[in-house]
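Visitor: Take a look at the following structure, please.
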Amino acid sequence: MSRCLTLLAVCLLISVATVAQQTVDRPLLIRGVSANQSHIAFTYAGKIWLVERTGGTAKRLTNTPNEETSPVFSPDGRRIAFSRLNGNDWDVFVAPSDGSGEPTRVTMMPEDDFVTAWSPDGREVIFETTRDEESLTRLYKTSADRLALATALPLHQSYSGSMSPDATRISTTRGQARVIGVTTAAATLGLCGSRI
């Protein structure tokens, strides 16, 4: 009987060691990766993490229990915009990219708002939302400094926008199939064709 228990204990220890080793060797499931001049931001387990570009230990951007996603660094790299779950919807927040200070909430609507980009001058955050119509996702922009009324970009249906350096064009993913289109430059391809 004791020989059987010893054998069982050895098997259990080997199983635990094997599982522990597999956990260490598996890749982390991260998403929403963004980089600035010195850091990389990413979403892991519903939180935003920062790590130096040269490597090291990642640290959390905030200490909230709320779920967070979609980190995007500002053009100068000093701030980071992200979306946070607040009750029943997602809103846009802006925080210093070094993790110091409390994030500022810049949207507050009953529909979900997910950060996609910044304006080239860093004054506005671009986000996608269905606030006009439940099944229609559009891009909006709002102040990056304070809670303000957001403005819809003049695109009927679009996702994941990124502005040109002069802020006169935007590349987007549009439509239900998420076909990539670039406004003005892609007019000959039959994609988006309007300036913003």
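In this text, residue positions in the sequence shown follow my numbering: the first is 887, and each later residue adds one. Positions of the beta carbon are idealized from the N, C-alpha and C atoms, including for glycine. Owing to the predicted nature of the structure, the values given are computational and were not obtained by experimental measurement.
(1) Between G973 and R1032, what straight-line distance do the alpha-carbon atoms span, to the nearest angstrom?
(2) Can you tell me whether K1027 is buried or exposed? The criterion is at least 16 other CB atoms within 10 Å of its CB, across all chains shown.
(3) Going by other Cβ atoms of all chains shown within 10 Å of its Cβ, with 16 needed for buried, is H925 buried or exposed?
(4) Could you give the residue range of the beta strand (DSSP E) that holds E997?
(5) Do the stretch 1002-1014 and the stretch 945-963 meet, that is, are 3 or more Cβ pairs less than 8 Å apart?
(6) Can you tell me the Cα-Cα spacing of S960 and G942, whole angstroms?
(7) Taking the C-alpha atoms as reference points, what is the distance between S1005 and E938?
(8) Going by DSSP, which residues form a beta bridge with E1010?
Guide: In terms of the structure at hand:
(1) Their backbone Cα atoms lie some 20 Å apart in a straight line.
(2) With 16 or more other Cβ atoms within 10 Å, it is buried.
(3) With 16 or more other Cβ atoms within 10 Å, it is buried.
(4) Looking at the DSSP string, E997 is not in any beta strand (DSSP E), and its letter there is neither H nor E.
(5) Short answer: they touch.
(6) Here the alpha carbons of G942 and S960 stand approximately 22 Å from one another.
(7) Looking at the two C-alpha atoms, the distance is approximately 24 Å.
(8) BP columns for E1010 point to S1029.
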